[in-house]
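Novice: So that we are looking at the same thing, I have put the structure below in structure tokens.
Numbering (our numbering), first residue to last: 473 to 584.
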């Protein structure tokens with residue numbers, strides 16, 4: 473039986489927070505401005521309502537985004553990024569730059 477070791481470097485926790493097909497895209501969109509659910513769904517073609525709801529809930533539980541429900545008829549809910557989410561977005565941007573660099577390296581390697 474495997475014993476679960478603590479994540480001493482923190483990388484596994486970071487990957488868990490952004491793991492999921494749509495989380496990095498959601499994080500990127502929400503850093504621009506708050507969005508309503510339907511707006512996010514339109515911004516991310518291919519995401520189902522179920523998956524979008526799940527990933528928004530997970531991100532809210534992880535403290536990356538906040539959900540604000542307005543007491544109106546019809547009901548209105550907006551999602552926005554938190555300071556913690558902004559800090560993760562900084563890390564994701566660096567990872568994105570590395571990924572682009574790596575893809576360029578791979579394409580040059582294949583051409584040689």
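Every residue, glycine too, gets a C-beta built ideally from N, C-alpha and C.
Around the C-beta of residue 504, are 16 or more other C-beta atoms found within 10 angstroms, so that it is buried, or is it exposed?
Specialist: Classification of residue 504: exposed, given that the 10 Å Cβ count is below 16.
Novice: Counting C-beta neighbours from all protein chains within 10 Å, is the total for residue 531 16 or more, i.e. buried, or is it exposed?
Specialist: With 16 or more Cβ atoms within 10 Å of its Cβ, residue 531 is classed as buried.
Novice: Across which residues does DSSP place residue 549 in a beta bridge pair?
Specialist: In DSSP, residue 549 forms a bridge with 541.
Novice: In or out: residue 527 buried (at least 16 other Cβ within 10 Å) or exposed?
Specialist: When all chains shown are included, residue 527 counts as buried.
Novice: Keeping to the same chain, check which residues put their C-beta closer than 8 Å to that of residue 508; ignore five residues upstream and five downstream.
Specialist: The answer, listed in chain order, is 548, 549, 550 and 551.
Novice: If you follow the alpha helix (DSSP H) that residue 577 is in, where does it begin and where does it stop?
Specialist: That run of the alpha helix (DSSP H) goes 555-583.
Novice: So the alpha helix (DSSP H) residue 500 belongs to, where does it begin and stop?
Specialist: Note, residue 500: alpha helix (DSSP H), 495-504.
Novice: Measure the C-alpha to C-alpha separation of residue 484 and residue 580 and round it to an integer number of angstroms.
Specialist: Rounded to the nearest angstrom, the two C-alpha atoms are 31 Å apart.
Novice: Roughly how many angstroms separate the alpha carbons of residue 494 and residue 519, rounded to a whole number?
Specialist: Near 8 Å, if we compare the C-alpha coordinates of residue 519 and residue 494.
Novice: May I have the straight-line CA-CA distance separating residue 473 from residue 482, to the nearest angstrom?
Specialist: Because the pLDDT of residue 473 is 47, which lies under 50, any placement of that residue in the model is unreliable, and the number read from its coordinates should be weighed accordingly. Going by the C-alpha atoms only, they are around 23 Å apart.
Novice: Quick one: grab the DSSP three-state call for residue 473.
Specialist: A caution first: residue 473 carries a pLDDT of 47, below 50, which makes its placement in the model too unreliable to give a value.
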